[in-house]
Amino acid sequence: MKHKPLDLEDEIHKVFDDIDQMVVQTPEITFFSKLIQEQEIKRQKRQ
Numbered sequence: 059m060k061h062k063p064l065d066l067e068d069e070i071h072k073v074f075d076d077i078d079q080m081v082v083q084t085p086e087i088t089f090f091s092k093l094i095q096e097q098e099i100k101r102q103k104r105q
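This is how it looks when you write it as C-alpha cells:
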C-alpha cells in the first residue's frame, strides 16, 4: 500500500464524518454523506 502525503479524498471524508457527528441531519448533509459513501465504496472496489 502506497501512502500519499495528503490524500484529499481521505481529508474530505474526515470532514464529512465530523459534519455527520456535529450537525443535525439535514437533507443536504444526508445527501452529501451518501455521495461521499458512494465515492468511498467505488474507491475501495478499485483497490
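For the sequence shown, my numbering gives the first residue as 59, with consecutive numbering after it. Even glycine gets a Cβ: it sits at the ideal position worked out from N, Cα and C. Note that this is a predicted model, so its numbers are computed, not measured.
task: If I'm right that I70 touches I87 with Cβ under 8 Å, what's the distance once you round it to whole angstroms?
output: One-based indexing of the sequence shown puts residue 70 at position 12. One-based indexing of the sequence shown puts residue 87 at position 29. About 14 Å; that fails the 8 Å criterion.
message: Quick check on the DSSP output: the alpha helix (DSSP H) that includes Q105 runs from which residue to which?
response: Taking the sequence shown and counting its residues from 1, one reaches residue 105 at position 47. No alpha helix (DSSP H) holds Q105; DSSP gives it neither H nor E.
query: What is the rounded straight-line gap between the Cα of V73 and the Cα of Q97?
result: As a working note, residue 73 is residue 15 in the sequence shown. As a working note, residue 97 is residue 39 in the sequence shown. Their backbone Cα atoms lie some 14 Å apart in a straight line.
- request: Please check the pair R104 and E67, which I expect to be a contact at CB under 8 Å, by giving their CB distance rounded to whole angstroms.
  value: Position 46 of the sequence shown, counting from 1, holds the residue named residue 104. Position 9 of the sequence shown, counting from 1, holds the residue named residue 67. Their Cβ separation, rounded to whole angstroms, is 11 Å, which puts R104 and E67 out of contact at 8 Å.
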